[in-house]
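> Residue numbers (the numbering used here): 131 to 402. We put the CB at the ideal spot given by N, CA and C, even for glycine.
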Amino acid sequence: MREHLHAANSATASQAAATPSSEPPAAPSTPSTSTPPARELIFRAQGLTKVYGMGEVQVQALRGIDLELHAGEFVVLLGPSGSGKSTLLNILGGLDVPSSGQVWYCGQDLSRASDAALTRFRREHVGFVFQFYNLIPSLTARENVAIVTEIAPDPLDPAQALALVGLDKRLDHFPAQLSGGEQQRVAIARAIAKRPAVMLCDEPTGALDSATGVLVLQALERVNAEMGTTTVIITHNADIARMAERVLWMQDGQIVREQRNAQRLAAQELRW
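1. Quick one: Cα of LEU350 to Cα of VAL295, how far?
2. What is the DSSP secondary structure of HIS212, counted as helix, strand or coil?
3. Could you give the distance in angstroms between the alpha-carbon of GLN232 and the alpha-carbon of GLN238?
4. Using 8 Å as the threshold, is the stretch 356-367 in touch with the stretch 239-254, meaning 3 or more CB pairs across them?
5. Which same chain residues, not among the five before or five after ALA289, have their C-beta less than 8 Å away from its C-beta?
6. Can you find the residues in the same chain that come closer than 8 Å, C-beta to C-beta, to ASN264, ignoring five residues on each side of it along the sequence?
7. Which residue comes first and which comes last in the alpha helix (DSSP H) that contains HIS408?
8. Enumerate in chain order the residues of its own chain whose CB-to-CB distance from GLU333 is below 7 Å, with the five nearest sequence positions on each side excluded.
9. Give the secondary structure of GLN348 by DSSP, where H, G and I count as helix, E and B as strand, and everything else as coil.
10. Give every residue of the same chain whose Cβ lies closer than 6 Å to the Cβ of PRO305, excluding the five residues on either side of it in the sequence, and list them in chain order.
11. Using a Cβ-Cβ cutoff of less than 8 Å, which residues in the same chain neighbour GLU375 once the five nearest sequence positions on both sides are dropped?
12. Leaving out the 5 sequence neighbours to the left and right, which residues in its chain are closer than 6 Å to ARG169 when beta-carbon positions are compared?
13. According to DSSP, PHE258 sits in a beta bridge with which residue or residues?
14. When you compare the stretch 334-350 with the stretch 178-197, are there three or more beta-carbon pairs, one atom per stretch, that lie closer than 8 Å?
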């Protein structure tokens with residue numbers, strides 16, 4: 131388990147951090163979605179809303195989200211475009227803040243955190259994987275990963291991170307020399323190199339064919355198993371949900387359904 135967010139130093143804005151609120155009230159139990167008590171609570175969100183203003187028009191992206199995520203969980207968030215999946219992921223990852231409601235990470239209230247605290251939270255605790263790889267073309271796979279290791283407090287060696295995603299033979303290849311799936315796995319290696327407690331993945335297979343997408347999912351599956359990283363994948367592909375421990379369906383800014391998979395499929399068994 132990664133260390134909690136550092137305490138705030140009110141004397142300097144550059145070192146400002148989230149001020150912990152009192153512990154949130156316990157969420158009501160739901161027998162069908164209960165989590166074994168041995169697992170530590172990582173995220174708790176209560177009553178999250180997000181409203182975007184577009185001139186005189188307001189768009190409500192989230193409508194009262196309640197959510198818990200536990201250590202080491204592998205969760206898939208399903209829903210059509212515009213259902214609020216990415217907005218929720220961005221709030222969990224400290225890229226955005228809710229309009230109302232609260233979200234706690236290991237007891238620390240992110241919804242009231244300063245910009246400096248959110249930056250530190252993202253840097254030290256969260257790995258992001260997006261649909262587009264955002265690799266630097268002039269750097270090799272190893273060098274793209276090394277960018278993160280230079281600022282992380284306790285990083286993996288870039289070669290070790292790339293080996294975890296099956297790219298130990300492609301360390302010194304440039305992005306143009308790699309397939310789309312390989313580039314996405316470099317992006318995953320870059321995300322895990324800082325040893326994050328949480329991996330947040332926004333449509334990581336969205337730009338890939340199914341065979342290549344399976345390789346990417348295998349990499350995420352391995353990271354979850356070997357590093358114990360809490361992993362959330364958002365997708366509109368229902369087949370991917372079959373590998374999840376827990377599946378959440380979103381529609382119109384709400385979580386409308388939740389279930390646990392009694393029998394999970396390995397990523398290599400998926401077809402779409």
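To lay it out plainly:
1. Position 220 of the sequence shown, counting from 1, holds the residue named residue 350. Position 165 of the sequence shown, counting from 1, holds the residue named residue 295. If I take the Cα positions, the gap works out to 8 Å.
2. For the purposes of this step, residue 212 is taken as residue 82 along the sequence shown, with counting starting at 1. Position check: residue 212 holds Gly in this sequence, whereas His was assumed. DSSP places GLY212 in coil when its eight states are reduced to three.
3. Indexing the sequence shown from 1 puts residue 232 at position 102. Indexing the sequence shown from 1 puts residue 238 at position 108. Taking the straight line from one Cα to the other gives about 10 Å.
4. no
5. In the sequence shown, residue 289 corresponds to position 159, counting from 1. Answer for ALA289: ARG272, ASP298 and LEU301, listed in chain order.
6. Here residue 264 refers to the residue found at position 134 when the sequence shown is read from its first residue. Closer than 8 Å at the Cβ level, and outside the excluded window around ASN264, lie ALA317.
7. No answer is possible for residue 408: it lies beyond the span of the chain, which begins at 131 and ends at 402.
8. Within the sequence shown, numbered from 1, the residue matching residue 333 stands at position 203. Result list for GLU333: GLN261, ILE364 and THR365, in chain order.
9. Taking the sequence shown and counting its residues from 1, one reaches residue 348 at position 218. Looking at GLN348 - three-state DSSP - the assignment turns out to be helix.
10. Indexing the sequence shown from 1 puts residue 305 at position 175. Cβ within range, chain order: LEU265, PRO267 and GLN313.
11. Numbered from its first residue, the sequence shown carries residue 375 at position 245. Here the set comprises GLU203, PHE204, VAL205, ARG390, ASN391 and ARG394.
12. Start at 1 with the first residue of the sequence shown, and residue 169 comes out as number 39. Result list for ARG169: HIS200 and ALA201, in chain order.
13. As a working mapping, residue 258 is identified with position 128 in the sequence shown. LEU330, per the DSSP bridge assignment.
14. no
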